[in-house]
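Everything below concerns the one structure shown next.
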Amino acid sequence: MSADTPSTPSVLLPPTLWRLFGAWLLIGCQSFGGGAATLALINRSLVEKLGWVSEEEFARDWAICQVTPGINLLAFTVRLGGRIGGICGSAAAGVVLSLLGLLLPSVAITIGITSAYTRIAASPAVQSALRAVIPATVGLGLLTAWTMARPLLKTSRQEGKASTVFTLAILAGAGIAFFVFQPPVLVVLILGGVLGMVFSVIRAQRREPEGEQTP
Amino acid sequence: MNSLEFFLLVLRASLLSTSGTGNLPALRSDLVAARGWTTDHQIAEALAIGQVSPGPSGLWVVSLGYLTDGMRGALLAVVAICLPPLLVIPLGRIYARTKHHPAVEGFVRGLGTAVVGVFAVVMLNLLGKVGVNVRTVLIALIALGLGASRRVPILVILALAAAFGILVR
Chain S
1 MSADTPSTPS VLLPPTLWRL FGAWLLIGCQ SFGGGAATLA LINRSLVEKL
51 GWVSEEEFAR DWAICQVTPG INLLAFTVRL GGRIGGICGS AAAGVVLSLL
101 GLLLPSVAIT IGITSAYTRI AASPAVQSAL RAVIPATVGL GLLTAWTMAR
151 PLLKTSRQEG KASTVFTLAI LAGAGIAFFV FQPPVLVVLI LGGVLGMVFS
201 VIRAQRREPE GEQTP
Chain C
1001 MNSLEFFLLV LRASLLSTSG TGNLPALRSD LVAARGWTTD HQIAEALAIG
1051 QVSPGPSGLW VVSLGYLTDG MRGALLAVVA ICLPPLLVIP LGRIYARTKH
1101 HPAVEGFVRG LGTAVVGVFA VVMLNLLGKV GVNVRTVLIA LIALGLGASR
1151 RVPILVILAL AAAFGILVR
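Residue numbers (the numbering used here), protein chains in the order written: chain S, 1 to 215; chain C, 1001 to 1169.
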């Protein structure tokens, strides 16, 4: 399976499980900027500095992580960690140590902030602050929604009018249906998935003439 | 509240999302609306903390876990969000063999699109909980604008909001 054969790291420092953990720990300690910044950190560390991953593998793996369940960054960590761990003798250990390294700092800090917050939450000053922070969070949340929608719309626009209309329909439809009928969230999501699947399959069959189906 | 059930709910919500906050609508519906183990207020708090703390955006669930069930809830949340990404191992192998998978890609895209629509509605509902008035809408819009400019760090935006909340009653 050429897709899974790792490239031989041309490397100053051969990977070991502990070095792998250390590399991810370093990444985890610097990951203040969110997904994109962390991705850049991973590239700089594992691809450029250590040479344990090639650029092609990096790009290919990231693409796969977009279409698998769960947080993309974590799936990416699993994939890279598993492969490098495999070179060191244990893919499973690679996965665990990579996730641990990445998450230990940020999880600890998150819990710390939350814990500190619970201690001061009752004070009237904090309550007043929250009355403004929560609307601000909502504003940022809507910005996040827009950031998530943009690549979806861009891709669908490149695919053509039908695709664009379809994407907008699902976007608006999901929101409106959820607001009006208040169905279980998972129902709306799966419905969106199924409709997307049907649309995608129909599109693919329209582009491939009958006699040239991929065997 | 039931820790095991909490874990399974976070797991289920995270299985059908590919981003850090894609599990928000399902979790809100399961934890707040259906069971009352968490309040909308706590969800908002956890989101704010998640926006401020480092690391992947999905850690807001860890904060929520802590608010709901202390250290145990926080750690269960961490494990719950780490499990779905493990599916990339078998799926990666399947994708390597199939050349053309419009069905899978279409499903994921459709689901991802639906998530955005629902997520936006949940956000607006959250605003409704604090009260929709000129002040809150203005704050939301300003925060959105500052965030969109990409020049102002999120931490600064929230700090400004906090200061505004304290100083301007």
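Using N, Cα and C, we set each Cβ at its ideal position, and we do this for glycine too. Just so we're clear, the structure is a prediction, and the values are computed from it rather than from any experiment.
Worksheet entry | Cβ-based neighbour list, residue 27(S), same chain, cut-off 8 angstroms, excluding 5 preceding and 5 following | Once the five neighbours on either side are set aside, the close Cβ partners of residue 27(S) are 38, 41, 42, 45, 101, 102.
Worksheet entry | Distance CB(residue 1028(C))-CB(residue 1121(C)) smaller than 8 angstroms | Judged by beta-carbon spacing, residue 1121(C) lies beyond the 8 angstroms limit of residue 1028(C), meaning their Cβ atoms are not closer than that value.
Worksheet item: How many angstroms separate the CA atom of residue 30(S) from the CA atom of residue 203(S)?
Response: In a straight line, the C-alpha of residue 30(S) is about 43 angstroms away from that of residue 203(S).
Worksheet item: Along chain S, which residues have their Cβ under 9 angstroms away from the Cβ of residue 1005(C)?
Response: Within chain S, no residue comes near residue 1005(C); the closest Cβ sits about 16 angstroms away, beyond 9 angstroms.
Practice prompt. May I have the straight-line CA-CA distance separating residue 1139(C) from residue 1161(C), to the nearest angstrom?
Written response: Computed Cα separation, rounded: 7 angstroms.
Item to complete: For the alpha helix (DSSP H) holding residue 125(S), just list the boundary residues, first then last.
Response: Run containing residue 125(S): 124-159, per the alpha helix (DSSP H) assignment.
Worksheet item: Who are the neighbours of residue 1112(C) on chain S, taking C-beta pairs under 7 angstroms?
Response: Residues of chain S passing the Cβ test: 152.
Discussion item. Please list, in chain order, the residues of the region 131-162 of chain S that have any C-beta partner in chain C closer than 7 angstroms.
Written reply: Within the region 131-162 of chain S, the residues whose Cβ lies closer than 7 angstroms to some Cβ of chain C are 131, 132, 133, 134, 135, 136, 137, 138, 139, 140, 141, 142, 143, 144, 145, 148, 149, 152, listed in chain order.
Discussion item. On the DSSP letters alone, give me the boundaries of the alpha helix (DSSP H) that residue 1071(C) sits inside.
Written reply: If you look at residue 1071(C), you'll find it in the alpha helix (DSSP H) that goes 1060-1082.
Practice prompt. Compute the Euclidean distance between the alpha carbons of residue 169(S) and residue 178(S), then round it to the nearest angstrom.
Written response: Going by the C-alpha atoms only, they are around 13 angstroms apart.
Discussion item. Determine, for residue 1165(C), whether the minimum Cβ-Cβ distance to residues of chain S falls below 8 angstroms.
Written reply: By this cut-off, residue 1165(C) is an interface position.
Discussion item. Just to make sure I have the definition right: I need the residues of chain C whose C-beta is within less than 7 angstroms of the C-beta of residue 185(S). Which are they?
Written reply: At a beta-carbon threshold of 7 angstroms, the residues of chain C lying near residue 185(S) are 1025, 1026, 1029, 1118, ordered along the chain.
Worksheet item: Given a limit of 9 angstroms on CB to CB distance, which residues of the region 67-81 of chain S reach chain C?
Response: Result list: 67, 68, 69, 70, 71, 72, 73, 74, 75, 76, 77, 78, 79.
Discussion item. Can you pull the chain S neighbours of residue 1169(C), defined as C-beta to C-beta under 8 angstroms?
Written reply: Per Cβ cutoff of 8 angstroms: 128.
Worksheet item: Roughly how many angstroms separate the alpha carbons of residue 4(S) and residue 1084(C), rounded to a whole number?
Response: Per-residue confidence for residue 4(S) stands at a pLDDT of 49, beneath the threshold of 50, marking its modelled position as unreliable; no derived number is given.
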